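Residue numbers (our numbering): -7 to 412.
We put the CB at the ideal spot given by N, CA and C, even for glycine.
Computed from a predicted model, the values in this text were never measured in an experiment.
For reference, the structure discussed in these notes is given below.
Here's what the structure looks like:
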């Protein structure tokens, strides 16, 4: 029972492999037909040199055959062999000379061409060999049966001798064994070649993975930034306005209700003061989430507000002639804000800070320097490490120079994407 099961499985695999090879024959033959077209068209024209025809033939295949052949082969591998060949990052043929040149120059295009011109015909030859082996194996492998079941006068001459019939029968059985071995081998070789030539290379897969990760990260950053903007709007238009209204009402009550006792007036005064303090704290919170001035007036105005509000004297120089992408502007803004906060917290000896923002070599460079004692270390504390992570979130670069004795200089370079 085990032997029958094994034989059944073997013949089933060979049958599927045979169907796969046979269905691939037209696709493997088509490039040869395309290659023959120039000679068929120009065989009577002596003015067309053979060199020009040799160049025209593969170009004809590139322009009209590669994409369709690759798509057909990909479907054949998926449906008959269960092999999923990833899509190639081939540049589309654009209706311009430059687009066509870029498409032809792409490495993926020439890998496809190599498969259809070299591997396909080779596998086609292998399929033809297996077909011959199958036919000869079925015919010659039953030579002895023919001798026993067919009248001698109807037998071919090479089967009239028993010795020759035995040799022929043995060759037929050998052909069957060879066909059983060669048929799946062709499928495996064809599959490996297709994955290597019709699919993306390892470097292309890595590049695509990096691109996907970059896009997903950018999407996550944009989504987080949009959520911060929404929270800022909700706080500004909701809770903040109610607190302002409460403070105004308390102020009116304090001014108009003159017949209150001293204790009641003190309660109103305390409530009014706490409401104003809550408004200030909420303003700082909203500004920390996303400053509205950054959207309305740009990076220069937003950074000017930071410099004016801080306890440390700040010399600010901003040279950004155009609006940048909102995410880049937000990262630059919070970089300066957090850097100045770190100076105030960790370097109280500093007497001033210099902030310079400008575009250099196509990147936005943000520099924050102070005259404090130096010795800052990103490994100690989360402030500097947070600045580095914030810059890295948009493919930026963070650099720190803080020798003992000062000065401390933080430099951040960000991709200079222009706002749409």
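Item checked: As assigned by DSSP and simplified to three states, the class of residue 288 -> helix
Margin query: Using C-beta distances below 6 Å, list every residue in its chain close to residue 1, excluding the 5 sequence neighbours before and after it, in chain order.
Written below: none
Item checked: Straight-line Cα distance separating residue 241 from residue 248 -> 10 Å
Next item on the list: Give me whichever residues DSSP pairs with residue 413 in a beta bridge.
Entry: Limits of the chain in this structure are -7 at one end and 412 at the other, which puts residue 413 out of reach.
Next item on the list: With residue 413 as the anchor, note down where its alpha helix (DSSP H) starts and where it stops.
Entry: For the chain, the structure presents residues -7 to 412; residue 413 sits outside this window and is missing.
Next item on the list: Starting from residue 406, follow its DSSP beta bridges and name the residues at the other end.
Entry: 356
Item checked: Extent of the continuous beta strand (DSSP E) run through residue 132 -> Taken as a continuous stretch (DSSP letters only), residue 132 belongs to no beta strand (DSSP E), being part of the alpha helix (DSSP H) at 112 to 132.
Note to self: Judging by CA-CA distance, which residue of 59, -4, -3, 7 is the nearest neighbour of residue 19?
What the structure shows: 59
Item checked: CB-CB length for residue 370 against residue 377, believed under 8 Å -> 5 Å
Next item on the list: Express the C-alpha separation of residue 275 and residue 239 in angstroms, rounding to a whole number.
Entry: 14 Å
Check: Using DSSP with H/G/I as helix, E/B as strand and the rest coil, what is residue 25?
Finding: helix
Item checked: Any alpha helix (DSSP H) of 4 or more consecutive residues that is wholly inside the region 166 to 207 -> none
Checklist line | Under the three-state DSSP convention, the category residue 393 falls into | finding: strand
Notebook entry, point to check: Do you know how far the Cα of residue 233 is from the Cα of residue 261?
Noted result: 20 Å
Note to self: So for residue 401, helix, strand or coil by DSSP?
What the structure shows: strand
Next item on the list: Apply the 10 Å Cβ neighbour rule to residue 197 and answer buried if 16 or more other Cβ atoms are within range, or exposed otherwise.
Entry: exposed
Note to self: Looking at the secondary structure, which residues open and close the alpha helix (DSSP H) in which residue 325 lies?
What the structure shows: 318 to 338
Check: Opposite residue 306 in the DSSP bridges: which residues?
Finding: 345
Next item on the list: Evaluate residue 133 with the Cβ neighbour count: other Cβ atoms within 10 Å of its Cβ, from every protein chain shown; 16 or more gives buried, anything less gives exposed.
Entry: buried
Checklist line | Contact set for residue 264: own chain, Cβ-Cβ below 8 Å, skip 5 residues either direction | finding: 239, 242, 243, 246
Item checked: Cβ-based neighbour list, residue 334, same chain, cut-off 6 Å, excluding 5 preceding and 5 following -> 375
Next item on the list: Output the distance between the C-alpha atoms of residue 194 and residue 122, rounded to the nearest integer angstrom.
Entry: 33 Å
Item checked: Simplified DSSP state of residue 251, which is helix, strand or coil -> coil
Notebook entry, point to check: Applying the criterion that 16 or more other CB atoms from any shown protein chain within 10 Å of the CB defines a buried residue, is residue 382 buried or exposed?
Noted result: buried
Note to self: Between 350, 349, 332, 351, which has its C-alpha nearest residue 342's C-alpha?
What the structure shows: 332
Check: Are the region 266 to 274 and the region 299 to 317 in contact at 8 Å, needing three or more beta carbon pairs?
Finding: no
Item checked: The alpha helix (DSSP H) enclosing residue 383, as first and last residue numbers -> 375 to 384
Notebook entry, point to check: If we ignore side chains and look at the alpha-carbon of each, how far apart do residue 327 and residue 188 end up?
Noted result: 46 Å
Check: Based on the DSSP output, what are the partners of residue 362 in its beta bridges?
Finding: 345, 400
Checklist line | Residue from 116, 286, 78, 287 with nearest C-alpha to residue 182 | finding: 116
Next item on the list: Can you say whether residue 397 is buried or exposed, counting buried as having 16 or more other CB atoms within 10 angstroms of its CB?
Entry: exposed
Note to self: Taking the straight line between their C-alpha atoms, what separation do you get for residue 163 and residue 129?
What the structure shows: 7 Å
Notebook entry, point to check: For residue 3, does the count of other Cβ atoms within 10 angstroms reach 16, so buried, or fall short, so exposed?
Noted result: exposed
Item checked: Opening and closing residue of the alpha helix (DSSP H) in which residue 99 lies -> 99 to 106
Note to self: Going by beta-carbon coordinates alone, are residue 386 and residue 323 separated by less than 8 Å?
What the structure shows: yes
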